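Note that the UniProt record's numbering gives residue 132 to position 132 of the sequence shown, counting from 1, and the numbers run on in steps of one.
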Amino acid sequence: MLKNRISKFAALLLAVSMTVVLATPAAAAEEAPLKTSFYSVWTSLQSRTGTLPAEETAPENSENTSIQETMATPEVTQSQEDTSAKTISEFKSEVVRLVNEERKNAGLNTLTTMDILAEMADVRAKESAGSFSHTRPDGTRCFTIFAQYSLTYRSAGENLAFGFSTPEAVVEAWMNSPSHKANILSEKYTYIGIGYYLKDNGKIYCSQLFYTPQS
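What follows is the structure, encoded as structure tokens:
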């Protein structure tokens, strides 16, 4: 049985996506250098007094990091002893189900889970509990997790969240954020992995990795 304690303060989310295009024909993909397409940066902050949007766009053909932050309430915490492996597995499975439900409603293909992608997402969830951003502890971008696990991608994306105790709450929050929703409803992705990490203070950190392998 879960023990929930509701307190009023912010829950944060982040979303980022990257698409990789080959510089040479697909036949030489394993030897071809990769070039990343630039993507936009949005930073949005919502509080009780309103919103403070800011937009920054890098010069064309350059790389650009996308980060969106959203303040929301309430936050729910839970105790370590209330979280079993089965509960965590059920949480992840329900997030996947809800995401695929949103995709079906939008006329899109459903995403397939991968054990290795879920393992990677768990790593990113734990890392985000230390520093809530798309930058990893070693200073590299979140997408370096793919190379770490020997996966090459054509398209990849990440959503992060903390402060939500149920799958319904976290997916609803992502769907209410344009950049997170864009990742969830992207036609580019074929696989999904969900990460879960419960910090000592009772906050749940959730990550969502999207993936399409190179052809």
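The beta-carbon is built from N, C-alpha and C at its ideal position, and this holds for glycine as well. A quick note: this is a predicted structure, and the numbers were derived from the prediction, not measured.
Identify which residue in the options has its Cα closest to the Cα of residue i.
| i | options | result |
| --- | --- | --- |
| D115 | K104, I194, A169 | I194 |
| R136 | A118, Y153, E158, R154 | E158 |
| V170 | A182, E94, D122, L117 | E94 |
| C206 | R154, A121, N183 | A121 |
| C142 | L209, R103, P213 | L209 |
| T88 | L198, T212, L117 | Checking the sequence, you will find Ile at residue 88 rather than Thr. Looking at the Cα atoms, L198 is the closest of the given residues. |
| E172 | V99, Y189, A85 | V99 |
| V108 | Y196, I145, A85, N183 | The sequence shown places Leu at residue 108, rather than the Val named in the question. Checked all of Y196, I145, A85, N183; the closest Cα to L108 is N183. |
| I204 | E102, R124, T110 | R124 |
| E102 | F146, T144, E187, K126 | E187 |
| T113 | T144, I145, T140, Y189 | Y189 |
| E119 | E90, Y196, D200 | Y196 |
| L117 | E90, Y191, K181 | Y191 |
| Q214 | F146, D200, N201 | F146 |
Apply the 10 Å Cβ neighbour rule to residue i and answer buried if 16 or more other Cβ atoms are within range, or exposed otherwise.
| i | result |
| --- | --- |
| D138 | exposed |
| S128 | buried |
| T92 | Here residue 92 is Lys; the residue named in the question, Thr, does not match the sequence. K92 comes out buried. |
| P167 | buried |
| A106 | exposed |
| S155 | buried |
| R97 | exposed |
| A23 | Since pLDDT at A23 reaches only 31, below the 50 mark, its modelled position is unreliable, and no value is offered. |
| K104 | exposed |
| T212 | buried |
| T43 | Only weak support exists for where T43 lies, its pLDDT of 26 falling under 50; the value from the coordinates is given anyway. Under this definition T43 is an exposed residue. |
| A85 | exposed |
| L111 | buried |
| T144 | exposed |
Examine chain D for any beta-carbon lying closer than 8 Å to the beta-carbon of residue i, and answer yes or no.
| i | result |
| --- | --- |
| E102 | In the structure shown, chain D cannot be found, because there is only a single protein chain. |
Run through the DSSP bridge pairs and tell me what residue i is partnered with.
| i | result |
| --- | --- |
| I145 | None; I145 has no bridge partner. |
| L198 | I204 |
| G139 | Per DSSP, none; premise fails for G139. |
| P213 | Y153 |
| G193 | L209 |
| T166 | Paired residue(s): none; T166 is not in a bridge. |
| T113 | I192 |
First and last residue of the alpha helix (DSSP H) that includes residue i?
| i | result |
| --- | --- |
| E187 | Neither: E187 is in no alpha helix (DSSP H) and is coded neither H nor E. |
| N100 | 85-105 |
At least 3 beta-carbon pairs within less than 8 Å: the region 160-172 vs the region 127-138: yes
At least three beta-carbon pairs within less than 8 Å, the region 171-188 to the region 140-150: no
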